[in-house]
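Chemist: Would you mind keeping the following structure in view while I ask a few things?
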Amino acid sequence: MKLLDLFCHKFLAKFKRVNKNKKKNKKAYLTMMLIPHAQGEAVKNYALSLRFVKTCVVGCLLGVFIVGFFVSKYFSLQYISLENKELEQINLAQAVEIEKLKSLTGEMQNQLEALMEIDREIRLKIGMLEPTDGEKDVLQELQTVAGFDHYTLLTLGLVERPFASRSNQNSFYRQSEQNPNLLAFSRPQTRAEDILTPQKEINTLEDLKEELEKMDRLLTEQAESMDKLKYDVEKQLAIEQAVPEAWPIRGIITSGFGMRDNPFDHSVQEFHEGIDIDGTYGAPIRAAGYGVVTMAGYQGAWGNVVLISHGFGYVSKYAHNASLLVKKGDKVEKGQIIARLGSTGRATGAHLHFGIAKNGEWIDPLTVLK
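If you're matching positions, the sequence shown starts at 34 in the numbering used here and goes up one per residue.
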C-alpha cells in the first residue's frame, strides 16, 4: 500500500509540473526593446505574445502567396490576351488572303469555262464536234417550220459550211465516214460538269488548297486538250487545203463521169474516168487542192497532162492542156495556175478533162468539188 501511495503521489506531482509548464508556455511573450540614441530617455519595452507573432508570420506568408498568385495570374492573362490579339490579326490577314484566292479561283474557273467554250466552238466549226440535240432540234425547226433551206441557214451562219456538215449534199464528209483515218479527231478531255457544278463553300486554307488543286488539274487537262486541238486544227486545215475540192475552171460540163458514148464512135460505149469542162482556149487551169506534182508532160490520148498527189489518198488529173506551167516535183497551192486550157491528145475541141482518184480508184469529181 505504501508503494502504491508513493507512486500516485509522484505521478500527481509530475502531472502538476507538466500543466504548470504548459501554462507558462501559453503565457510566453517576446519582448521588443527600443533604446534611444539620446541619453536620458527611457528605454521602451514592448511585450508581444508568441502566439500573436506566429499568427502574423503565417498571415504575412499567406498574404505574399496570395498576392504572388494573383500577380502571376494577371501577367498570364495579359500574355494570353496579347497572343489572342496577334492570332486575331493573323486570322484576319488569312481571311483577307482566302477571299483574294477565292476571287482568283472564281476568275480561273471563268477563264477555264471560256477556254472550253472556245474549244467547243472551234471543234464545231471545223466538224470535229457534233451539234447537241438541242442545236439539231432548232436547226430542224428552222428548216421545216420557218421554211429556211440548207443554204439559207448556211448564209445566216446557223449551220456550218458543207465540209463540216453531215448533209447528204456533202459527199466528202460521207467519204470521210467510210475512211475514218481521214478525220482523226479528238474531243476535249476536260468535262463541263467538272467546273459547272456549284462551287462549294471555301472557309479554310485546306478547302482552298483542295479547290486550287482541282483548278490546276482542270487547267492542265484543258491545256492538253487545247494542244491536241491545235494539232487537229492544223491537220484539218491541211486536209481542207489538200482535198481537191476547188473547181479547176468554171464552165459547162459537156461529159460526165461514168459510161458514155465514145465521142469519135457513138456506137461504142466507154468508161469516162472524170468530167469534161468546156472553156476558152488558153484559159487558166488551177490546182483543185494543195499537193505535189507527180507527172507533168505529154501522155498519148490525154495530151499534155498534170497529175497532182494531194495526200490522204487523193490524186487529181488535168488533161488536154495547151501548155503546162509546172513540172514534176513542184509543190502547188489550191487555186494556183498550173496549165492553160487546150485540145492536145484525142480531143474534139478545147476543153479540160478533170478526174479525181481516191485510194487508187477514179471517183465522180462532183462528189468532191464545191
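No residue lacks a Cβ here, since even glycine has one placed at the ideal position from N, Cα and C.
All values reported here derive from a predicted model rather than from experimental measurement.
If the criterion is Cβ atoms closer than 7 Å, does the pair Val325 and Ser349 meet it?
Modeler: Taking 7 Å as the Cβ cut-off, Val325 and Ser349 do not qualify as a contacting pair.
Chemist: How many whole angstroms separate the CB atoms of Leu81 and Met65, which I take to be in contact at a CB cut-off of 8 Å?
Modeler: 6 Å
Chemist: What did DSSP end up calling Gly291 once you bin it into helix, strand or coil?
Modeler: Of the three classes helix, strand and coil, the one that applies to Gly291 here is strand, per DSSP.
Chemist: Would you mind sorting His70 into buried or exposed? The rule is 16 or more other CB atoms within 10 Å of its CB.
Modeler: The residue in question, His70, is exposed, as its Cβ has fewer than 16 Cβ neighbours within 10 Å.
Chemist: Which of helix, strand or coil does DSSP assign to Asn78?
Modeler: strand
Chemist: Assuming the contact rule is C-beta atoms closer than 8 Å, Glu278 and Val401 should be a hit. Round their C-beta distance to whole Å, please.
Modeler: Between the beta-carbon of Glu278 and that of Val401 there is about 5 Å, and that keeps the pair under the 8 Å contact cut.
Chemist: Residues in the same chain with beta-carbon distance under 6 Å from Gln302, minus the five sequence neighbours each way, listed in chain order, please.
Modeler: Met292
Chemist: Under the three-state reduction of DSSP, which class applies to Phe345: helix, strand or coil?
Modeler: Three-state DSSP puts Phe345 in coil, outside helix and strand.
Chemist: Under 7 Å between the Cβ atoms of Thr381 and Pro317?
Modeler: no
Chemist: Around the C-beta of Lys391, are 16 or more other C-beta atoms found within 10 angstroms, so that it is buried, or is it exposed?
Modeler: buried
Chemist: For the beta strand (DSSP E) that Asp311 lies in, which residues bound it at each end?
Modeler: That run of the beta strand (DSSP E) goes 308 to 311.
Chemist: Any contact of the stretch 321 to 337 with the stretch 362 to 369, i.e. 3+ C-beta pairs under 8 Å?
Modeler: yes
Chemist: Which residue comes first and which comes last in the beta strand (DSSP E) that contains Ser300?
Modeler: 298 to 305
Chemist: Ignoring anything shorter than 3 residues, give me the beta strand (DSSP E) runs that lie fully in the stretch 321 to 372, in order along the chain.
Modeler: 324 to 331, 337 to 344, 347 to 357
Chemist: Report the rounded CA-to-CA distance for Met248 versus Gly289, giving the unit in angstroms.
Modeler: Rounded to the nearest whole angstrom, the C-alpha separation of Met248 and Gly289 is 58 Å.
Chemist: Quick one: Cα of His353 to Cα of Ala383, how far?
Modeler: Approximately 8 Å, taken between the alpha carbons.
Chemist: Inspect the beta-carbon positions of Gly378 and Gly336 and report whether they are closer than 7 Å.
Modeler: yes
Chemist: Which residue wins for smallest C-alpha separation from Ile310, given the options Leu115, Arg283, Glu394?
Modeler: Arg283
Chemist: With a threshold of 7 Å on Cβ separation, who are the neighbours of Pro398 within its own chain once the five nearest residues in sequence on each side are excluded?
Modeler: Phe290, Gly307, Ile308, Phe387, Gly388, Ile389
Chemist: Which class does Pro317 belong to by DSSP, given the choice of helix, strand or coil?
Modeler: strand
Chemist: Taking the alpha-carbon positions, what's the Ser105 to Gln111 distance?
Modeler: Cα-Cα distance, rounded: 10 Å.
Chemist: Looking at the strands, I want to know which residues DSSP matches up with Ala390.
Modeler: Val348, Trp395
Chemist: Rounded to whole angstroms, what is the Cα-Cα separation between Lys118 and Arg250?
Modeler: 38 Å
Chemist: Short of 6 Å in beta carbon distance, which residues of its chain neighbour Gln232, apart from the five on each side in sequence? Order them along the chain.
Modeler: Since pLDDT at Gln232 reaches only 47, below the 50 mark, its modelled position is unreliable, and the value read off the structure follows with that caveat. Excluding residues within five positions, none has a Cβ falling inside 6 Å.
Chemist: Please name the residue in Ala61, Phe98, Val97 whose C-alpha comes closest to that of Arg84.
Modeler: Answer by Cα proximity: Ala61.
Chemist: Taking all protein chains shown into account, decide if Gln269 is buried (16 or more other Cβ within 10 angstroms of its Cβ) or exposed.
Modeler: Buried, by the Cβ-count rule.
Chemist: For Asp152, is the classification buried or exposed, using 16 other Cβ atoms within 10 angstroms of its Cβ as the cut-off for buried?
Modeler: buried
Chemist: How many Å lie between Arg256 and Leu245 at the Cα?
Modeler: The residue you asked about is not Arg; residue 256 is Ala in the sequence shown. So the two alpha carbons sit approximately 16 Å from each other.
Chemist: Mapping DSSP to helix, strand and coil, what is Ile68?
Modeler: Note: Ile68 maps to coil in three-state DSSP.
Chemist: Does DSSP put Tyr206 in a helix, in a strand, or in coil?
Modeler: Note that Tyr206 scores 42 on pLDDT, short of 50, meaning its location in the model is unreliable and no value can be drawn from it.
Chemist: As a quick exercise: from Asp294, Arg373, Thr313, pick the residue whose alpha carbon is nearest that of Ala329.
Modeler: Arg373
Chemist: Let me confirm a value: Ile407 is counted as buried when at least 16 other C-beta atoms fall within 10 Å, else exposed. Which label applies?
Modeler: Residue 407 is absent from the structure shown; the chain starts at 34 and stops at 403.
Chemist: Under the three-state reduction of DSSP, which class applies to Glu273: helix, strand or coil?
Modeler: helix
Chemist: Roughly how many whole angstroms lie between the Cα atoms of Val339 and Asp260?
Modeler: 38 Å
Chemist: Which term fits Ala275, buried or exposed, when burial requires 16 or more other beta carbons within 10 angstroms of its beta carbon?
Modeler: buried
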